[in-house]
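Chains as they are written, first to last, in the working numbering: chain E, 1 to 198; chain H, 1 to 215.
From the three backbone atoms N, C-alpha and C, an ideal C-beta is built for every residue, glycine too.
To keep things clear, I will list the structure first and then write my remarks on it.
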């Protein structure tokens, strides 16, 4: 398979979402972990940064499709439709993480099964974080029980997202299929298969 | 042949989450307690999250600390810790609720009823509200006098059998058991009787002025 570089739209979408998520993760961690809450204090500003990042995230999700609808639609279809080769990726997840995985068949599209699963799960978790954040912010509009359930799910979704992102960063950057290894292999004049399995 | 598995999975996940929030009863809390159990010190061990609007916890020493009661009163008070303890403490047991959705069940507070302090200071008839000031220099909040005279509204000095810890608001904090936690001014140093209630710290930043707990 020939590697298709990400378009400018995809890069803007990926890195603006990544930046917003990193700010939300950092400020959320400060608000959640008691020792960090004590060390940092400044609840208003930490909360304000968390909310500002969420707002930027929503604006990106509205603006990018509005400006590049056809491209985003194609990207969404590329990530949503799973093929036979994708199931092969899922059958050996530990082989992927342990760098023993060799694809039985090259994916027909641009993305492998892992990338599609990450996009789906991260998308669902981020949607849940936004959804549950609504009653946490506008708590006066909802019952206390509903706000409590929303917060419980917000924490669960945040921890799930953290696990997903750790896996993503490992596979995309540090694993033998990742960007750093690929760059080292490229500099050494060796073939690299990261476009197949990252 | 390919199918839109990702799209369906995404929609199913969001629908399941929305269902849990709307109708999940205790399931989200149970799931969270399972997931948080291995986190240890990374999650709050006693259930309380720590909130401060400044960068540090105010320090205090027992010899020099005073709680001021002033404003529209006949007798201004400057109370030492021993003065507060001398009259005996009232125990109030209540669930503590934060507006952001976390709660601590059955917290045992001990403290001095606010009504007793108001009687001691002899609030003037024109006083209609109280202003509470934290030693952090930033946090203030207000209560109507009628609410402040509720017997369960106390200036808490103890939580459980122990004095308040620094992070819970030592040496004294306000406890209003039927209001959300943001009304419970920590590191309390001054109570001022005023004509009308002003705007508290979080209310000035968008919080609902009605802090009564909604179930």
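Alpha-carbon spacing of residue i relative to residue j, whole angstroms
{"i": "residue 78/E", "j": "residue 11/H", "result": "17 Å"}
{"i": "residue 112/H", "j": "residue 34/E", "result": "28 Å"}
{"i": "residue 196/E", "j": "residue 167/E", "result": "Confidence is the limiting factor: at residue 196/E the pLDDT is only 44, short of 50, which leaves the residue's position unreliable, though a coordinate-based value still follows. Each residue's Cα considered, the two are about 17 Å apart."}
{"i": "residue 75/E", "j": "residue 62/E", "result": "15 Å"}
{"i": "residue 179/H", "j": "residue 147/E", "result": "15 Å"}
{"i": "residue 158/E", "j": "residue 76/H", "result": "50 Å"}
{"i": "residue 72/E", "j": "residue 64/E", "result": "8 Å"}
{"i": "residue 152/H", "j": "residue 21/H", "result": "32 Å"}
{"i": "residue 54/H", "j": "residue 205/H", "result": "15 Å"}
{"i": "residue 20/E", "j": "residue 67/E", "result": "19 Å"}
{"i": "residue 9/E", "j": "residue 162/H", "result": "58 Å"}
{"i": "residue 169/H", "j": "residue 50/H", "result": "10 Å"}
{"i": "residue 136/H", "j": "residue 60/H", "result": "11 Å"}
{"i": "residue 130/E", "j": "residue 54/E", "result": "8 Å"}
{"i": "residue 193/E", "j": "residue 151/E", "result": "In this prediction, residue 193/E scores a pLDDT of 48, lower than 50, which makes its location untrustworthy; the coordinate-derived value is nonetheless stated afterwards. Computed Cα separation, rounded: 42 Å."}
{"i": "residue 87/H", "j": "residue 119/H", "result": "13 Å"}
{"i": "residue 18/H", "j": "residue 33/H", "result": "19 Å"}
{"i": "residue 123/E", "j": "residue 8/H", "result": "12 Å"}
{"i": "residue 39/H", "j": "residue 116/E", "result": "29 Å"}
{"i": "residue 164/H", "j": "residue 81/E", "result": "57 Å"}
{"i": "residue 1/E", "j": "residue 52/E", "result": "For residue 1/E, the predicted model reports a pLDDT of 45, less than 50, meaning its position is unreliable; a value from the coordinates is still stated below. The alpha-carbon atoms of residue 1/E and residue 52/E are separated by roughly 40 Å."}
{"i": "residue 132/H", "j": "residue 167/H", "result": "18 Å"}
C-beta neighbour in chain E for residue i, strict 8 Å
{"i": "residue 13/H", "result": "yes"}
{"i": "residue 199/H", "result": "no"}
{"i": "residue 173/H", "result": "no"}
{"i": "residue 132/H", "result": "no"}
{"i": "residue 31/H", "result": "yes"}
{"i": "residue 41/H", "result": "yes"}
{"i": "residue 214/H", "result": "yes"}
{"i": "residue 60/H", "result": "no"}
{"i": "residue 85/H", "result": "no"}
{"i": "residue 51/H", "result": "yes"}
{"i": "residue 217/H", "result": "Absent from the model: residue 217/H. The displayed extent of chain H is 1 to 215, so no value can be given."}
{"i": "residue 109/H", "result": "no"}
{"i": "residue 10/H", "result": "yes"}
{"i": "residue 216/H", "result": "What is shown of chain H runs 1 to 215, which leaves residue 216/H out entirely."}
{"i": "residue 247/H", "result": "Absent from the structure is residue 247/H, since the part of chain H shown begins at 1 and ends at 215."}
{"i": "residue 141/H", "result": "no"}
{"i": "residue 165/H", "result": "no"}
{"i": "residue 70/H", "result": "no"}
Min CB distance residue i to chain H below 8 Å
{"i": "residue 151/E", "result": "yes"}
{"i": "residue 49/E", "result": "no"}
{"i": "residue 14/E", "result": "no"}
{"i": "residue 9/E", "result": "no"}
{"i": "residue 136/E", "result": "yes"}
{"i": "residue 89/E", "result": "no"}
{"i": "residue 175/E", "result": "no"}
{"i": "residue 44/E", "result": "yes"}
{"i": "residue 33/E", "result": "yes"}
{"i": "residue 69/E", "result": "no"}
Those residues which DSSP pairs with residue i across a bridge
{"i": "residue 174/H", "result": "155/H"}
{"i": "residue 212/H", "result": "179/H"}
{"i": "residue 131/H", "result": "142/H, 192/H"}
{"i": "residue 139/E", "result": "According to DSSP, which records beta bridges pairwise, residue 139/E is partnered with nothing at all."}
{"i": "residue 219/H", "result": "Because chain H in this structure spans residues 1 to 215, residue 219/H falls outside the shown range and cannot be described."}
{"i": "residue 163/H", "result": "158/H"}
Near the ligand HEM: residue i beta-carbon under 7 Å from a heavy atom
{"i": "residue 171/E", "result": "As presented, the structure is devoid of all ligands, the ligand HEM included, so that no description of it is given."}
Nearest neighbour of residue i, chosen from the options [CA to CA]
{"i": "residue 145/E", "options": "103/H, 182/H, 163/H", "result": "103/H"}
{"i": "residue 79/H", "options": "172/H, 205/H, 177/H, 201/H", "result": "172/H"}
{"i": "residue 59/E", "options": "17/E, 132/E, 70/E", "result": "17/E"}
{"i": "residue 199/H", "options": "184/H, 174/H, 141/H", "result": "141/H"}
{"i": "residue 108/H", "options": "90/H, 136/H, 166/H", "result": "90/H"}
{"i": "residue 209/H", "options": "141/E, 110/E, 47/E, 149/E", "result": "141/E"}
{"i": "residue 163/E", "options": "41/E, 42/E, 178/E, 25/E", "result": "25/E"}
{"i": "residue 44/E", "options": "13/H, 214/H, 203/H, 147/H", "result": "203/H"}
{"i": "residue 121/H", "options": "148/H, 70/H, 42/H", "result": "70/H"}
{"i": "residue 145/H", "options": "157/H, 125/H, 134/H, 133/H", "result": "125/H"}
{"i": "residue 116/H", "options": "85/H, 5/H, 212/H", "result": "85/H"}
Problem set entry | Any beta strand (DSSP E) of 3 or more consecutive residues that is wholly inside the stretch 59-122 of chain H | 67-71, 77-79, 90-97, 103-113
Problem set entry | In chain order, each alpha helix (DSSP H) run of at least 4 residues that lies wholly inside the stretch 5-54 of chain H | 5-23, 27-36
Exercise. Hey, which unbroken runs of the beta strand (DSSP E) at 3 residues or more fall wholly within the stretch 4-66 of chain E?
Worked result: none
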